[in-house]
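Asks: Following this message is one structure expressed as structure tokens.
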Amino acid sequence: MLVVRGAIKDYAWGITDGLAPWAGEHTGGPQAELWFGVHPGGPSPLVDADGDETGEVLADKFDIAAIPLLVKILAAARPLSVQVHPQLAIAAAGWQAQQVPGAPRVLSDPFEKTEMLIALKPFEAFAGWRDREQVVAVLKELPGAQDAIARLLADDLGGAIGALLALGTSERISALEAATRAAGLPADEVAAYSTVAENYPNDSGALVTVLLDYLSLAAGEAVYVPAGVPHSYIRGIGLEVMTSSDNVIRLGLTSKPVFVDRAVAALCPDLNPQIVRSVFGDTLWPVNSPFVVRMLTEGSERIPMGAYRILLLIEGTARVVSDAAEITLRPGTAAVMAADDPDAHVEADGLVAIVQSTER
Numbered sequence: 001m002l003v004v005r006g007a008i009k010d011y012a013w014g015i016t017d018g019l020a021p022w023a024g025e026h027t028g029g030p031q032a033e034l035w036f037g038v039h040p041g042g043p044s045p046l047v048d049a050d051g052d053e054t055g056e057v058l059a060d061k062f063d064i065a066a067i068p069l070l071v072k073i074l075a076a077a078r079p080l081s082v083q084v085h086p087q088l089a090i091a092a093a094g095w096q097a098q099q100v101p102g103a104p105r106v107l108s109d110p111f112e113k114t115e116m117l118i119a120l121k122p123f124e125a126f127a128g129w130r131d132r133e134q135v136v137a138v139l140k141e142l143p144g145a146q147d148a149i150a151r152l153l154a155d156d157l158g159g160a161i162g163a164l165l166a167l168g169t170s171e172r173i174s175a176l177e178a179a180t181r182a183a184g185l186p187a188d189e190v191a192a193y194s195t196v197a198e199n200y201p202n203d204s205g206a207l208v209t210v211l212l213d214y215l216s217l218a219a220g221e222a223v224y225v226p227a228g229v230p231h232s233y234i235r236g237i238g239l240e241v242m243t244s245s246d247n248v249i250r251l252g253l254t255s256k257p258v259f260v261d262r263a264v265a266a267l268c269p270d271l272n273p274q275i276v277r278s279v280f281g282d283t284l285w286p287v288n289s290p291f292v293v294r295m296l297t298e299g300s301e302r303i304p305m306g307a308y309r310i311l312l313l314i315e316g317t318a319r320v321v322s323d324a325a326e327i328t329l330r331p332g333t334a335a336v337m338a339a340d341d342p343d344a345h346v347e348a349d350g351l352v353a354i355v356q357s358t359e360r
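Just so you know, we're using my numbering here: the sequence shown kicks off at 1 and counts up by one.
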């Protein structure tokens, strides 16, 4: 059993000092993500019993075969990119193709990225496909959207996306709030589209969000996003659990490279996000998920061996005991156990996320 803290990411969309309760520092700038895992994009530092970094990272001890999951705490002040994560076959083929000198670097690794976001505070997101009648109602309020409407009604999602991207002038993006209001969308959804337009006034990807369903999660509720499902997180603080991949193919709302054709090819129109309406204390296990998460508020629980496990303390205190070690967690630190590490027992006085791989 090892103890780690998160590797911090200061992406521009992060909340100012938004991760300070877990990162342990106020930087005065955006704090977007804390990574807990072995992915080379941000391997977790190991810490000793006093909470001091040892100079090693988790990837020095284990590879992705032993640590198949990546856990993050995410703090979003403004919308993230409209994006899709590739399924395994697309990721593997795309990764191999980009090893050719001069090929565009689209992917970060050869792995599928499937994820679940659990709201730690109220969280808003676009995920999956909006009801078609609602989309058409909004698009009818946007001048020049007839081609996008026709393609949508012909079940040509890729064509509809392309038509919206071609349509996306600043004038039409600024009309997004009025269009969604005129179409009769609820006030919170209209406000979300207003936020998109305000933050990305010249990004044609703003219009693509019209195709996506709007979600508002209370603390403890979750959305499971399989690879192939388009999404954009809008704002809030949450816990992300995913397969150990950083593959993101973007359609817009970003200053990073956008690969529209590759993103459209990675879409799975028949897949939908799963909404898990729950409260803290429940087990979150979406259908066909490669992981299961238990948000333990207080009390104790046995954590059996046989699969990868990570216990991340969100607030309060927690003690983790096994035959091999006994540790006390602080907020923002996590106990990591490989599949062959012995059973452990956790006693929580606060909130601890118990994440386990379902692949044995």
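The C-beta atom is built at its ideal place from N, Cα and C for all residues, glycine as well.
Once DSSP output is grouped into helix, strand and coil, what is the label at T243?
Replies: Counted from its first residue, the sequence shown places residue 243 at position 243. Strand at T243.
Asks: With DSSP run on the structure shown, which of helix, strand or coil describes P43?
Replies: Counted from its first residue, the sequence shown places residue 43 at position 43. Correct three-state label for P43: coil.
Asks: May I ask you to list the residues that DSSP assigns as paired with M337?
Replies: Indexing the sequence shown from 1 puts residue 337 at position 337. Answer by DSSP bridge pairing, in chain order: R309.
Asks: Leaving out the 5 sequence neighbours to the left and right, which residues in its chain are closer than 6 Å to R294 when beta-carbon positions are compared?
Replies: Here residue 294 is taken as the residue at index 294 of the sequence shown, counted from 1. Within the same chain, R294 has close Cβ partners T283 and I354.
Asks: Determine, using beta carbons only, whether I173 and L207 come nearer to each other than 8 Å.
Replies: Taking the first residue of the sequence shown as 1, we reach residue 173 at position 173. Taking the first residue of the sequence shown as 1, we reach residue 207 at position 207. Yes, they are a contact pair.
Asks: Give me the Cβ distance between G236 and A23, rounded to the nearest whole Å; I'm assuming they're in contact under 8 Å.
Replies: Numbered from 1 along the sequence shown, position 236 holds the residue referred to as residue 236. Numbered from 1 along the sequence shown, position 23 holds the residue referred to as residue 23. Between A23 and G236 the Cβ distance is about 17 Å, and since that is not below 8 Å, they are no contact.
Asks: In its own chain, which residues sit with a C-beta less than 6 Å from the C-beta of R151, not counting the 5 before and 5 after it?
Replies: In the sequence shown, residue 151 corresponds to position 151, counting from 1. Answer for R151: G159, A160 and A163, listed in chain order.
Asks: Answer yes if the segment 63 to 80 comes into contact with the segment 9 to 18, meaning at least three C-beta pairs across the two stretches below 8 Å, and no otherwise.
Replies: Counting Cβ pairs under 8 Å, three or more are found: they touch.
Asks: Start and end of the alpha helix (DSSP H) containing S174?
Replies: Locating residue 174 in the sequence shown gives position 174, where the first residue counts as 1. It spans S170 to S174 - the alpha helix (DSSP H) in which S174 sits, taken as one unbroken run.
Asks: Could you spell out where the alpha helix (DSSP H) holding Y193 opens and where it closes?
Replies: For the purposes of this step, residue 193 is identified with residue 193 of the sequence shown, where counting begins at 1. Segment A187 to N199, the alpha helix (DSSP H) holding Y193.
Asks: Where does L69 fall in DSSP's three states?
Replies: Walking along the sequence shown from the start, residue 69 turns up at place 69. Here L69 sits in strand by DSSP.
Asks: Roughly how many angstroms separate the alpha carbons of A7 and L34, rounded to a whole number?
Replies: The sequence position of residue 7 within the sequence shown is 7, counting from 1. The sequence position of residue 34 within the sequence shown is 34, counting from 1. Going from the Cα of A7 to the Cα of L34 covers about 5 Å.
Asks: Quick one: grab the DSSP three-state call for G350.
Replies: Start at 1 with the first residue of the sequence shown, and residue 350 comes out as number 350. Residue state, collapsed to three classes: strand.
Asks: Taking all protein chains shown into account, decide if T243 is buried (16 or more other Cβ within 10 angstroms of its Cβ) or exposed.
Replies: Along the sequence shown, one-based indexing puts residue 243 at 243. Label assigned to T243: buried.
Asks: Please state whether the Cβ-Cβ distance between L217 and P122 is less than 8 Å.
Replies: In the sequence shown, residue 217 corresponds to position 217, counting from 1. In the sequence shown, residue 122 corresponds to position 122, counting from 1. Going by C-beta atoms, L217 is nearer than 8 Å to P122.
Asks: List the endpoints of the continuous beta strand (DSSP E) containing D48.
Replies: Taking the first residue of the sequence shown as 1, we reach residue 48 at position 48. Note, D48: premise wrong, no beta strand (DSSP E); not H, not E.
Asks: Should Q356 be labelled buried (16 or more other beta-carbon atoms within 10 Å of its own) or exposed?
Replies: For this step, residue 356 is matched to residue 356 along the sequence shown. Label assigned to Q356: buried.
Asks: Going along the chain, which unbroken runs of the alpha helix (DSSP H) with 4 or more residues stay wholly within the segment 257 to 281?
Replies: Entirely contained in the segment 257 to 281, the alpha helix (DSSP H) runs reaching 4 residues are, in chain order, 260 to 266.
Asks: With respect to the beta strand (DSSP E) encompassing E124, which residues constitute its N-terminal and C-terminal limits?
Replies: Sequence index remark: in the sequence shown, residue 124 carries index 124 (1-based). Run containing E124: F123 to W129, per the beta strand (DSSP E) assignment.
Asks: Going by Cα to Cα distance, which pick from G238, L351, V352 and V320 is closest to L2?
Replies: Locating residue 2 in the sequence shown gives position 2, where the first residue counts as 1. Among G238, L351, V352 and V320, the Cα nearest to that of L2 belongs to V320.
Asks: Do G41 and D341 have their beta-carbon atoms positioned less than 8 Å apart in this structure?
Replies: On the sequence shown, residue 341 is found 341 positions in, with the first residue counted as 1. On the sequence shown, residue 41 is found 41 positions in, with the first residue counted as 1. No.
Asks: Could you please give me the residues that DSSP links to H231 through a beta bridge?
Replies: For the purposes of this step, residue 231 is taken as the residue at position 231 of the sequence shown. Q83 and A127, per the DSSP bridge assignment.
Asks: If you drop the 5 nearest sequence neighbours on each side, which residues of the same chain put their C-beta closer than 7 Å to that of P104?
Replies: Looking up residue 104 in the sequence shown gives position 104. Same-chain partners within the cutoff: Q98.
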